[in-house]
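Working notes, structure below.
Numbering (my numbering), first residue to last: 24 to 314.
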């Protein structure tokens with residue numbers, strides 16, 4: 024028969040391990056970010072990376088950093104501009120669904136930041152792709168920074184604890200915003216790279232942790248997988264454009280897949296609606312995405 028004292032102490036011990044591991048990872052990421060801030064520009068220049076005013080090192084013959092520069096309905100770079108609309112719609116839908124939902128304050132705050140970030144990313148990215156330049160790219164990245172911060176805060180609220188979520192969310196927001204500003208003012212993109220990929224690494228670590236008792240059940244595995252697919256599309260912008268017969272580019276696909284990454288969070292809210300309305304269990308389960 025299990026020892027009752029051990030059974031009671033085990034959850035506390037696991038929580039302590041999770042928190043200590045998180046602070047260790049945050050410290051390592053902070054040190055790496057500091058190196059990128061102070062020596063990133065030197066490292067970039069040493070390998071010959073020089074950014075154009077658009078914020079990218081490579082430009083196509085039409086003068087833009089993205090392969091698809093077609094004009095539709097008077098909109099320049101139309102596909103890359105208009106493909107941001109699903110991001111904004113997902114953010115607006117999420118914020119509307121969040122109203123009146125019962126959940127812990129850190130979870131609600133993280134979700135609000137995440138959905139608000141999607142709207143900011145839609146506006147910033149649309150403006151940047153309309154007329155690519157360095158200041159537009161900074162606004163684009165600021166929108167993504169808000170989204171990353173919300174996703175990280177939500178992951179920590181679901182898998183580590185409310186205190187970790189409340190502390191990490193503003194730190195992520197501040198460091199990501201500063202990193203976007205450094206890329207614009209100094210051309211130092213390494214801090215932004217550390218924030219973006221380091222933040223997703225923290226979300227991936229959180230996804231491996233067991234859910235807390237009051238967790239809503241957001242599937243971060245699906246969110247991370249869709250993010251990875253979006254990055255692959257971005258890296259193969261021209262290849263996918265030519266593969267599709269110059270119908271759709273990799274960067275356009277990146278925007279569409281990134282909007283889909285909001286689905287695991289939206290599905291969680293839809294499942295709450297189904298349960299609140301006492302719909303059949305089979306319907307509620309159809310909306311459940313598990314890690």
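Here a beta-carbon is modelled for each residue, glycine too, at the ideal position from N, C-alpha and C.
Quiz item: Rounded to the nearest angstrom, how far is the Cβ of residue 246 from that of residue 280, given a contact under 8 Å?
Solution: Contact doesn't hold; Cβ gap of about 11 Å is too wide.
Quiz prompt | Backbone CA spacing between residue 190 and residue 231 [nearest angstrom] | solution = 20 Å
Quiz item: Are residue 275 and residue 149 close, meaning C-beta to C-beta below 8 Å?
Solution: no
Quiz prompt | C-beta atoms of residue 172 and residue 199 nearer than 8 Å | solution = yes
Quiz prompt | 4 or more residues per run - each alpha helix (DSSP H) lying fully within the segment 173-232 | solution = 185-208, 213-230
Practice problem: Drop a sphere of 10 angstroms on the beta-carbon of residue 40, count the other beta-carbons inside from all chains shown, and report buried for 16 or more, exposed for fewer. | Solution: exposed
Exercise. Mind checking which residues open and close the alpha helix (DSSP H) that includes residue 123?
Key: That residue, residue 123, is in no alpha helix (DSSP H); it is neither H nor E in DSSP.
Quiz item: Could you give the distance in angstroms between the alpha-carbon of residue 291 and the alpha-carbon of residue 240?
Solution: Approximately 7 Å between the Cα atoms of the pair.
Quiz item: Is residue 117 near residue 251, with beta carbons less than 8 Å apart?
Solution: No; because the gap between Cβ atoms is not below 8 Å, this pair is not in contact.
Quiz item: If you pair each beta-carbon of the segment 178-193 with each one of the segment 128-140, do three or more pairs fall below 8 Å?
Solution: yes
Quiz item: Ends of the alpha helix (DSSP H) at residue 273?
Solution: 273-283
Quiz prompt | Whole alpha helix (DSSP H) elements within the segment 136-160, 4-residue minimum | solution = none
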